[in-house]
Ligand SMILES: [Zn+2]
C-alpha cells in the first residue's frame, strides 16, 4: 500500500526542516501503534479450539498474501527488475533464517516454547523486516508532496491493523497473552518510524532501493504463507474451507485498501 511518485519539488524550505522531521517521525510512529490494535479482538475471544486455530492461520495467510500483493504492485510500478532481485534475496534470506532457527530448539519467544516459539519468531521477524521497506516508503513520500504523504501514512496505518491481526492470529491461539501479542505487533512496525526519517532526509539515496526492499519483503512473506501458515491451516480444517477463508481474507484486505482507503 505504497506509492512513491513524488511531487517534483526539491529540498523544500530549510527553515521548516526541524518540524518536518518531527512530523515524519510522529506520522510513522502513529502507524506503528495502529498495528497493536490488530491484537485487540482477542480480548473478547478467550479460547480457540484446534479447528479455529487452523482457520486463524488461513485468515493470517490471506492477509499476508494481500499485503504481499500491494508490495509487488508498488514495486513493479517503480522497477520490475529491482523488485524481482529483491524477491530472490528475500526468499534466500528467509530460507537461511529458517534453517538457522531450526537448530535453536531451545528458543523461547512471546511466552511460547518449541515449534510454536520458532513459528511465532518467524512471523514477527518477517513482518518486522517488511516494515523497514514501508518505513522507507513513508519517508520517501514525505520528500514529495504533502498530500501524497498524508495518504500514504493513513493507508499504512490502516493496513497495519490487519497485519497486527495476522501476528496475533499466529501468536495468541498458541498461548501468547493478548497484550504481549499486541506489543509484538507494535514492535513489528517500529522500523517504520526508524526508517522513515533517514529516508525523508535523503530521498535521492533511498528511493532506488525501495523496489528492492518491497521485493525482499514480498519474497519472504510468500514463503512464510505457503511454508508455515497454510500447512498449519490444513492440519485441523478441510482444505476446501481453508481455500475459501484464504480467498475471502485476501479479498477483504484488497477491498479495504482499494475501496475504503482510495474511495
Ligand atoms: Zn505492510
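Numbering (my numbering), first residue to last: 1 to 263.
Each residue gets a CB set at the ideal place from its N, CA and C atoms; glycine is no exception.
Bear in mind the structure is a predicted one, so any value in this text is a computation, not a measurement.
When burial is assigned at 16 or more other CB atoms within 10 Å of the CB, is residue i buried or exposed?
i, result
"residue 200", "buried"
"residue 179", "exposed"
"residue 132", "buried"
"residue 210", "buried"
"residue 163", "buried"
"residue 42", "buried"
"residue 13", "Below a pLDDT of 50, predicted positions are generally treated as unreliable, and residue 13, at 45, falls in that range; no measurement from the model is reported."
"residue 191", "buried"
"residue 105", "exposed"
"residue 238", "exposed"
At what residues does the alpha helix (DSSP H) containing residue i begin and finish?
i, result
"residue 39", "Neither: residue 39 is in no alpha helix (DSSP H) and is coded neither H nor E."
"residue 252", "239-255"
"residue 182", "178-189"
Secondary structure at residue i, three-state DSSP: helix, strand or coil?
i, result
"residue 83", "helix"
"residue 11", "With a pLDDT of 45 at residue 11, under the threshold of 50, the modelled position of that residue is not reliable, and no figure is offered here."
"residue 112", "strand"
"residue 235", "helix"
"residue 119", "helix"
"residue 91", "helix"
"residue 107", "coil"
"residue 102", "helix"
"residue 143", "coil"
"residue 210", "helix"
"residue 61", "helix"
"residue 75", "helix"
"residue 164", "helix"
"residue 175", "coil"
Alpha carbon to alpha carbon, what distance is there between residue j and residue i?
i, j, result
"residue 56", "residue 176", "14 Å"
"residue 219", "residue 122", "14 Å"
"residue 102", "residue 228", "13 Å"
"residue 152", "residue 141", "7 Å"
"residue 98", "residue 187", "20 Å"
"residue 156", "residue 100", "31 Å"
"residue 22", "residue 165", "28 Å"
"residue 181", "residue 149", "29 Å"
"residue 60", "residue 72", "18 Å"
"residue 221", "residue 53", "20 Å"
"residue 259", "residue 78", "23 Å"
"residue 118", "residue 107", "7 Å"
"residue 139", "residue 64", "23 Å"
Give a yes or no on whether the C-beta atoms belonging to residue i and residue j are separated by under 8 Å.
i, j, result
"residue 95", "residue 184", "no"
"residue 254", "residue 67", "no"
"residue 44", "residue 196", "no"
"residue 62", "residue 245", "yes"
"residue 37", "residue 161", "yes"
"residue 234", "residue 242", "yes"
"residue 83", "residue 214", "yes"
"residue 193", "residue 135", "yes"
"residue 93", "residue 109", "no"
"residue 189", "residue 35", "yes"
"residue 266", "residue 39", "Since the first residue shown for the chain is 1 and the last is 263, residue 266 is missing from the structure and cannot be characterised."
"residue 90", "residue 217", "yes"
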